[in-house]
Every structure is written in C-alpha cells, then in structure tokens.
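Last residue of the sequence shown: 169 in our numbering, with the numbers rising by one and none dropped.
Note that the Cβ used here is the ideal one computed from N, Cα and C, for glycine as well.
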Amino acid sequence: EVLTGFPAYHGKSLNEVMRRAITADLADAQERLKQCDGDPNLVEITLNCLAADPTERPQDASVLAEQLADHRTGIEQRLQQERLSAERERGAAVAREASLLNQAKWERRRRRLTTFLSLAIFLTVLLVSAMAWSWNEQRRRHAQTKSTADTSIVAVQTAMQQDDFSLAEVELRRAQALLDGGPESRTP
C-alpha cells in the first residue's frame, strides 16, 4: 500500500476484496507494484513477500529484516555516493569558476598591458615626430639666418665698393648679430 497507494487486496465491493483475500489473488497488487515508481529493490522484496507460494516468500521476519537492512544500507551507500559525487561536482564547479575568474583577471591585465604599450608607442612616435619637426625647424631657421646673413654680407661688400662705410658698418653689425643669434636676427 505504501508503494502503490492501494491495499494488497483491492476491489469495488467488500465481497470482491474478501474473495481475492481468500483465493490469495494478488495479481492486481503485483502488477501495481511492477508499475510503481518505487525503488526496484524494495519492490522486489515486496513482491517476494506477496508470493502465493510460501517457499518463494522470506522464511521468517528475521530474513525480511535482513533484506530490509541490506536495502537500507544500499540506499545509504547510494546517497553517500551521490553526496560525494555532488561534492566533486561542486568542487569542480568552484575550480572552473576560479579558473574563469583567474582567466578574466589575466585578460584584464593583458588588456591593460596592451593599452599601456600602445600608449607608450604612441607617445614615443609623438616625441620622435616632435623632435624631427624641431630639428627641421632649426635647420630651416639656420638656413634662413644664413641666407639673411649672406645678403647682409653682400650688402656690406656693395656698400664698401660704393665707399659708404657707415652703411657697410650697419650691415656688418646686422650680419654679425644674425650669425650670433642676437635680437637683430629676428628683423627681416
């Protein structure tokens, strides 16, 4: 009854139930047991207890108690194995999670390092570009100053040929100031 929800002898009327009990008609009960969702080992023990032939039933209560104790031990062992299996699965899940967290941590570090290196490369390129621009600018200014100084020297030579020594002196000072990088170098 515990396994199937019905008593061993079941019928529509009391007379039918009594007839089945008198004739030991357990076919319906045995069929219900075979169809129930109970533990297969417990169903087998119960079917043995309901056997029509007394030689197929447990010899006495001690044999039945031993079978039930063995059944209980088996259930406890299965439960213990399931617990251990669940613990192993939990442990594996924790390990997987830790691995994923560690992987994520390394991925963040890798991204930060990549960003840092990209920034360092960008700044290096920017610095080299600024230095190249500055060097070109210095060369351009030097060429411009030299050109202006050359023009002033030509003006000095022209003024000296024309015996205009005061103009030659002014142009000479101007050329000297340009070559020394003095304040007059900024005047065109």
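Annotated as distal: Cys17 and Thr54, with beta-carbon spacing of 7 Å or more. Non-local beta-carbon contacts of Ala33 in its own chain, meaning distances under 7 Å to residues more than five positions away in sequence, involve Ala5 and Leu7 in chain order. Taking Glu37 as the centre and dropping the five residues before and after it, the same chain places the C-beta of Asn29 closer than 8 Å to its C-beta, in chain order.
About 4 Å separates the Cβ atoms of Glu152 and Ala136, confirming a contact at the 8 Å cut-off. With contacts defined by Cβ atoms closer than 7 Å, Ser133 and Ala156 form a contacting pair. The C-beta separation of Leu159 from Thr126 comes to about 5 Å, placing the pair in contact by the 8 Å criterion.
In this structure Leu60 does not touch Ile26 by the C-beta definition: roughly 18 Å separates them, more than the 8 Å allowed. Residue environment analysis places Ala10 among the buried positions, since at least 16 neighbouring C-beta atoms fall within 10 angstroms of its C-beta. The continuous alpha helix (DSSP H) containing Ser133 extends over residues Ala42 to Gln142.
Excluding five sequence positions before and after Arg92, none of the CB atoms of its chain fall closer than 6 Å to its own CB. In the three-state DSSP reduction, Asp18 falls in the coil class, being neither helix nor strand. Take the alpha-carbon of Gly(-8) and the one of Leu45: they are about 28 Å apart.
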